[in-house]
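Residue numbers (the working numbering): 1 to 345.
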């Protein structure tokens, strides 16, 4: 069964508002059946600001375009949404390559600043026996110095984004945290998606608590859930308890916990579910969580049932896991076929 969305009131409003042709190219919207089983199809299109790092993942002799906010932005755009990506690159060859690849991906780079005094972001990636990535982050990097002009800020505010997406890494620089606060402060009606993504040496408990407290939706993995519970000062005995407790303590609309090959857990709309993962031949897991996050936001914004949201996010994450790099091509048809194959087994 395909995931079947309902239009929320906010979705209807955002879908009807005209786009600024100067800023954004209009993507092709994802069509899905509605949850009422009428057989009708609707278009879901959200306006999203994604702010944070863009960098190169260096894996052996290969370099792959990455950074969770950039990966998320690309996958969200593939799901039919319009994304304003805010970051910075250096005035170097790697920065040139990022801008060229953003053009090839049809991702608007209006709000990507070029920085003269710092190199484009770089992360060294090592894969463990289960093909799970471990990261060495080289900083300071150009993305730490992202900046928006007064005109940019006014433009983004007048655009009335439905969501603002952010992670932890970018917030570790004062400039990054201040810029994110400025954007969320100017767009108080926008919902906020916090993709926790804790990296060794690149987070602090007070910062993580603050970011969770400002979020509408939080996505994290099992290890991060345990750390977040400790940071928040409460003890839990299960993922279900964590999700419910975190949602209650921080007034969250949804909490998602990824569980690797086992799928994910999701608390959404007062319902807790655990959705099984899909067995795929793993290439690497780089970017799989970012694809999962984009699919998760799509389902939540569309007001699907919790199990439908979780299952869709699992399928999209599995597709990316089965292919090299953080941004391999994939299609909705492949996601649905993966679901069908899983049911047949």
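Glycine residues also receive a C-beta, built at the ideal position from the N, C-alpha and C atoms.
Own chain, CB closer than 6 Å to residue i, minus 5 neighbours either side, in chain order
i, result
"residue 288", "317, 320 and 321"
"residue 263", "275, 276, 277 and 314"
"residue 271", "306"
"residue 87", "54, 112, 143 and 146"
"residue 279", "none"
"residue 119", "90 and 92"
"residue 356", "Because the chain here runs from 1 to 345, residue 356 falls outside it and cannot be looked at."
"residue 28", "Because the pLDDT of residue 28 is 37, which lies under 50, any placement of that residue in the model is unreliable, and the question is left without a value."
"residue 333", "none"
"residue 189", "none"
"residue 96", "none"
"residue 253", "216 and 217"
"residue 239", "257 and 265"
Own chain partners of residue i with C-beta closer than 8 Å, once the 5 adjacent residues on each side are dropped
i, result
"residue 229", "235, 236, 242, 245 and 246"
Identified DSSP bridge partners for residue i
i, result
"residue 50", "85 and 165"
"residue 217", "193 and 254"
"residue 260", "DSSP lists no partner for residue 260."
"residue 272", "267"
"residue 60", "Bridge partners of residue 60: none, in fact."
"residue 122", "56 and 138"
"residue 114", "89"
"residue 66", "55"
"residue 99", "In the DSSP output, where bridge partners are listed per residue, residue 99 has none listed."
"residue 127", "133"
Pair within 8 Å by beta-carbon distance, residue i and residue j
i, j, result
"residue 85", "residue 108", "yes"
"residue 163", "residue 191", "yes"
"residue 198", "residue 227", "yes"
"residue 326", "residue 81", "no"
"residue 232", "residue 249", "yes"
"residue 214", "residue 184", "yes"
"residue 224", "residue 196", "yes"
"residue 137", "residue 123", "yes"
"residue 193", "residue 173", "no"
"residue 300", "residue 261", "no"
"residue 335", "residue 133", "no"
"residue 297", "residue 68", "no"
"residue 161", "residue 44", "no"
"residue 182", "residue 211", "no"
Spatial neighbours of residue i in its chain, beta-carbon cut-off 7 Å, leaving aside the 5 residues before and after
i, result
"residue 73", "50, 83, 85 and 107"
"residue 209", "231 and 232"
"residue 342", "Low local confidence applies: a pLDDT of 48 at residue 342 is under 50, so the model's placement there is unreliable, with the coordinate-based value given in what follows. Excluding positions up to five away in sequence, the list reads 278."
"residue 329", "none"
Tell me whether the region 282-300 and the region 224-243 touch, counting them as touching only if at least three CB pairs, one residue from each stretch, are closer than 8 Å. no
Unbroken alpha helix (DSSP H) runs of length 4 or more, entirely within the region 155-214: which are they? 174-186 and 205-214
Mind the definition here: the region 149-162 touches the region 126-133 only if three or more C-beta pairs lie below 8 Å; say whether that holds. no
Would you check if the region 159-170 and the region 96-111 touch, i.e. whether three or more CB-CB distances between them fall below 8 Å? no
Continuous alpha helix (DSSP H) assignments of at least 4 residues falling wholly in the region 276-329: 288-301 and 306-321
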